[in-house]
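Report on the following structure.
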Amino acid sequence: MARYATQVILLGVTVAITTAAPAGAQTYRLADHRAYSREIADAAARHAVPERLVWAVIRAESGFDPRAVSRQGARGLMQLMPETAAMLGVRDAFNPRENIDAGVRHLRALIERFRNDLRLAIAAYNAGERAVAAYGGVPPYPETREYVTQVLR
């Protein structure tokens with residue numbers, strides 16, 4: 149049986165763990181999501197978005213990795229696309245405070261745009277406002293449907 153090492157970061161302390169690896173195992177880095185509690189609470193209160201919703205969006209978008217970059221180019225904890233980040237005045241999409249504040253502002257705007265329908269607002273956060281408007285609801289994209297389910301869980 150193969151052995152492999154995994155690094156786990158807990159409260160800023162790196163711990164190496166060696167375990168038996170199943171075939172095709174990968175090494176995962178776990179972020180301590182509590183590191184962003186204050187930024188999340190502040191932005192949620194400032195923009196009147198439920199704090200639990202912000203936590204769920206960040207979990208789904210980046211898994212709490214502030215350096216995350218998607219295949220499409222979205223960046224940071226709340227996975228802001230460069231155009232959206234620029235529109236929201238973000239200078240550094242990898243800065244957790246800036247990214248969270250802008251992401252929550254964007255989420256608030258989507259909630260208002262879709263008249264407090266969280267399913268549509270969350271779908272728009274993932275697939276874009278145009279896609280939600282074009283389909284008159286949650287787009288039939290498997291990724292978006294799974295995303296909405298995951299965030300609202």
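Start counting the sequence shown at 149; every next residue gets the next number (my numbering). Glycine is no exception: its CB is placed at the ideal position from the N, C-alpha and C atoms.
Spell out the partners DSSP gives residue i in its beta bridges.
i, result
"R223", "V217, L228"
Where does residue i land, buried or exposed, given buried means 16+ other C-beta within 10 angstroms?
i, result
"D249", "buried"
"G284", "exposed"
"Q227", "buried"
"A193", "exposed"
"A241", "buried"
"G224", "buried"
"A216", "buried"
"T292", "buried"
"L300", "exposed"
"A269", "buried"
"N247", "buried"
"A275", "buried"
"T297", "exposed"
"A234", "exposed"
Quick check on this structure: which residue in the options has the alpha carbon closest to the alpha carbon of residue i?
i, options, result
"P290", "A271, L300, I206", "A271"
"V202", "R215, R186, A222", "R186"
"A204", "Q220, V252, F262, A216", "V252"
"T232", "Y184, Y273, I188, V286", "Y273"
"D213", "T292, L300, P244, F262", "P244"
"R267", "H181, H254, V286", "V286"
"G211", "Y184, L255, G276, R239", "Y184"
"A281", "P198, Q220, F262", "F262"
"H181", "R200, A196, H195", "R200"
"A191", "G276, T297, R256", "R256"
"E260", "R207, V197, V238", "V197"
Can you tell me where the alpha helix (DSSP H) with residue i in it begins and where it stops?
i, result
"D190", "185–194"
"V296", "290–300"
"A281", "277–283"
"R207", "199–210"
Does the CB of residue i have a neighbour CB from chain B at under 8 Å?
i, result
"I206", "Chain labels in this structure do not include chain B; a single protein chain is all it has."
Curious, which full-length beta strand (DSSP E) runs of at least 3 residues does the segment 224–270 contain? If we require 3 residues or more, the segment 224–270 turns out to have no beta strand (DSSP E) run fully inside it.
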